[in-house]
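Scroll down for the structure; my scribbles are underneath it.
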Amino acid sequence: MTIKVAVNGYGTIGKRVADAVSKQDDMEIVGVTKTRPTYEAGMAIDKGYDLYCAIDENLKRFEDTGIPIKGTLSDLLGKCDVVVDCTPGKKGAEHLETYRKAGVKSIFQGGEKHGMIGMSFNALSNYSENLGVDHTRVVSCNTTGLTRTLYPIFDRIGIDKVYATMVRRGPDPNNSKKGPVNAIVPVLKVPSHHGPDLKTVIHGIDIDTMAVAVPTTLMHLHSIVVRLKRESSTEEVLSIWEETPRVRFVNGGEGIESTAQIMEMARDLLRERSDLNEIIVWKDGVHVVGDHLYYYQAIHQESDVVPENIDCIRAMFRITEDNMESIEKTNKALGIQ
Ligand code: NAD
Numbered sequence: 640m641t642i643k644v645a646v647n648g649y650g651t652i653g654k655r656v657a658d659a660v661s662k663q664d665d666m667e668i669v670g671v672t673k674t675r676p677t678y679e680a681g682m683a684i685d686k687g688y689d690l691y692c693a694i695d696e697n698l699k700r701f702e703d704t705g706i707p708i709k710g711t712l713s714d715l716l717g718k719c720d721v722v723v724d725c726t727p728g729k730k731g732a733e734h735l736e737t738y739r740k741a742g743v744k745s746i747f748q749g750g751e752k753h754g755m756i757g758m759s760f761n762a763l764s765n766y767s768e769n770l771g772v773d774h775t776r777v778v779s780c781n782t783t784g785l786t787r788t789l790y791p792i793f794d795r796i797g798i799d800k801v802y803a804t805m806v807r808r809g810p811d812p813n814n815s816k817k818g819p820v821n822a823i824v825p826v827l828k829v830p831s832h833h834g835p836d837l838k839t840v841i842h843g844i845d846i847d848t849m850a851v852a853v854p855t856t857l858m859h860l861h862s863i864v865v866r867l868k869r870e871s872s873t874e875e876v877l878s879i880w881e882e883t884p885r886v887r888f889v890n891g892g893e894g895i896e897s898t899a900q901i902m903e904m905a906r907d908l909l910r911e912r913s914d915l916n917e918i919i920v921w922k923d924g925v926h927v928v929g930d931h932l933y934y935y936q937a938i939h940q941e942s943d944v945v946p947e948n949i950d951c952i953r954a955m956f957r958i959t960e961d962n963m964e965s966i967e968k969t970n971k972a973l974g975i976q
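In short: position in the sequence shown from 1, add 639, done, that's the numbering used here.
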């Protein structure tokens, strides 16, 4: 069975999801949408994707530029089993009804609210809840990062309470319109939305989060304190994460002291687009003192959710009911840990 996948919104996340789907042997891309005939529309065609116009009124603009266009979003929905909605945050909600009417399954991204459909996804923590569902949402890059490292600790040691601060990048690297450029901007609402969002995929976890935006585009950084259910050791925590997929260690002592060197590592690994789909934990920054765990992690916001979208498709179509089987298959196809 080959699942036919459409991507609505071929931007930062959409183009990465399309490429990741193309690398799997149980799903294929049947088309992607662009709102306007930009250079990315041309690049989608160069990659061999069928291009559709996301907004009916803009069809003529594509035709005028000579970019070969296969039709509109509704034409594409007639050809797919599932649409991965990668449109900007809060836009996706406007499309839910369209997907329902077209009778296709849909996956939304972290910019949409959980309440829109009442279902969210992370491959490690709640794959089984998403088996066979028609509509769901892959949680945001920050929530995915929190889930990857906290869920195995929650499961194996037990967690009383988490306090976490998200040090957030300003915009993505390709965005020249947003800041901050020379400021540190605290999110004054406490908890920030990340804590409540984590509870949609790890049921029963007690977490409070705060957030600040800083003038960088590379990655997010999390500073996390966990009160464990029992005393533990740094070695025990490290051995749990050693076995956790999509978590990768780096060492400050070996020269990886900041997100700048992490991104250099991604380039040195010759990762496509310099993406790092894994969550990066500083091994020498992990400390357990009695029943308290302290650590830092870095999140490559443009790519950590991409393998989650692949596993989400497998769960929705029950290609496998075993989350670890799907995670392993996706990781192998993408060449990640
Ligand atoms: P983006 O702006 O890079 O890409 C969005 C794409 O959708 C653009 O190509 C845009 O032209 C297109 N678009 C706009 N309106 C549309 C419409 N009505 N119909 C179809 N396409 C439309 O945004 P992004 O960063 O890829 O974010 C997409 C989603 O992923 C959001 O929910 C966001 O919160 C979430 N997300 C983003 C990141 C990140 O760091 N970039 C990380 C995780 C999750």
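Each residue gets a CB set at the ideal place from its N, CA and C atoms; glycine is no exception. If you're wondering where the values come from, they're calculated on a predicted model, not measured in any experiment.
Would you mind giving the Cβ-Cβ distance between residue i and residue j, rounded to the nearest angstrom? I have them listed as a contact below 8 Å.
{"i": "Asp665", "j": "Thr641", "result": "6 Å"}
{"i": "Val927", "j": "Ser871", "result": "5 Å"}
{"i": "Asp720", "j": "Tyr691", "result": "Going by Cβ atoms, the distance from Asp720 to Tyr691 rounds to 16 Å, so no, they are not a contact pair."}
{"i": "Met858", "j": "Ile938", "result": "6 Å"}
{"i": "Lys800", "j": "Asp845", "result": "5 Å"}
{"i": "Val876", "j": "Ile792", "result": "7 Å"}
{"i": "Gly750", "j": "Lys729", "result": "6 Å"}
Helix or strand or just coil, what does DSSP make of residue i?
{"i": "Asp847", "result": "strand"}
{"i": "Asp714", "result": "helix"}
{"i": "Ala954", "result": "helix"}
{"i": "Met666", "result": "strand"}
{"i": "Val944", "result": "coil"}
{"i": "Tyr688", "result": "coil"}
{"i": "Leu973", "result": "helix"}
{"i": "Tyr678", "result": "helix"}
{"i": "Asp930", "result": "coil"}
{"i": "Tyr935", "result": "strand"}
{"i": "Asn821", "result": "coil"}
{"i": "Ile895", "result": "coil"}
{"i": "Lys729", "result": "coil"}
{"i": "Thr977", "result": "No information on residue 977 is available, as it lies outside the stretch 640 to 976 that the chain covers here."}
{"i": "Ile642", "result": "strand"}
{"i": "Ile966", "result": "helix"}
{"i": "Lys673", "result": "strand"}
{"i": "Ile918", "result": "strand"}
{"i": "Asp658", "result": "helix"}
{"i": "Asp961", "result": "coil"}
{"i": "Asp720", "result": "coil"}
Residues in its own chain within less than 6 Å of residue i by CB, not counting five upstream and five downstream?
{"i": "Phe760", "result": "Asn769, Thr775, Val777, Cys951"}
{"i": "Thr672", "result": "Asn647, Tyr691, Ala693, Leu712"}
{"i": "Ala612", "result": "A question about residue 612 goes unanswered here, because the residues of the chain that appear run from 640 up to 976."}
In its own chain, which residues sit with a C-beta less than 7 Å from the C-beta of residue i, not counting the 5 before and 5 after it?
{"i": "Asp943", "result": "Cys780, Thr783, Gly784, Asn916, Ile918"}
{"i": "Thr959", "result": "Arg953, Ser965"}
Looking only at its own chain, which residues have a Cβ that is under 8 Å from the Cβ of residue i, when we skip the five neighbours before and after it?
{"i": "Arg795", "result": "Ile879"}
{"i": "Arg869", "result": "Ile796, Gly797, Asp930"}
{"i": "Glu667", "result": "Thr641, Ile642, Lys643, Val644, Val660, Ser661"}
{"i": "Tyr935", "result": "Leu860, His861, Ser862, Ile863, Val920, Trp921, Gly924"}
* Asked: Unbroken alpha helix (DSSP H) runs of length 4 or more, entirely within the region 827 to 893: which are they?
  -> Counting whole runs of 4 or more residues, the region 827 to 893 contains the alpha helix (DSSP H) stretches 833 to 837, 873 to 881.
Any beta strand (DSSP E) of 3 or more consecutive residues that is wholly inside the region 742 to 813: Those beta strand (DSSP E) runs which fall completely within the region 742 to 813 and span 3+ residues are 744 to 747, 774 to 776, 798 to 808.
Touching by the beta-carbon criterion (3+ pairs, under 8 Å), the region 883 to 899 and the region 787 to 796
Yes, the region 883 to 899 touches the region 787 to 796.
Take every Cβ of the region 822 to 830, pair it with every Cβ of the region 852 to 865, and state whether three or more of those distances are shorter than 8 Å.
Yes, the region 822 to 830 touches the region 852 to 865.
Spell out a yes or no on whether the region 826 to 844 and the region 891 to 901 are touching, meaning 3 or more CB-CB pairs, one atom from each, closer than 8 Å. No, because fewer than three Cβ pairs between the region 826 to 844 and the region 891 to 901 fall closer than 8 Å, the two stretches do not touch.
| task | Could you tell me whether the region 670 to 684 touches the region 695 to 702, where touching means 3 or more Cβ pairs closer than 8 Å? | result | Segment contact: the region 670 to 684 against the region 695 to 702, three or more CB-CB distances shorter than 8 Å; contact assigned.
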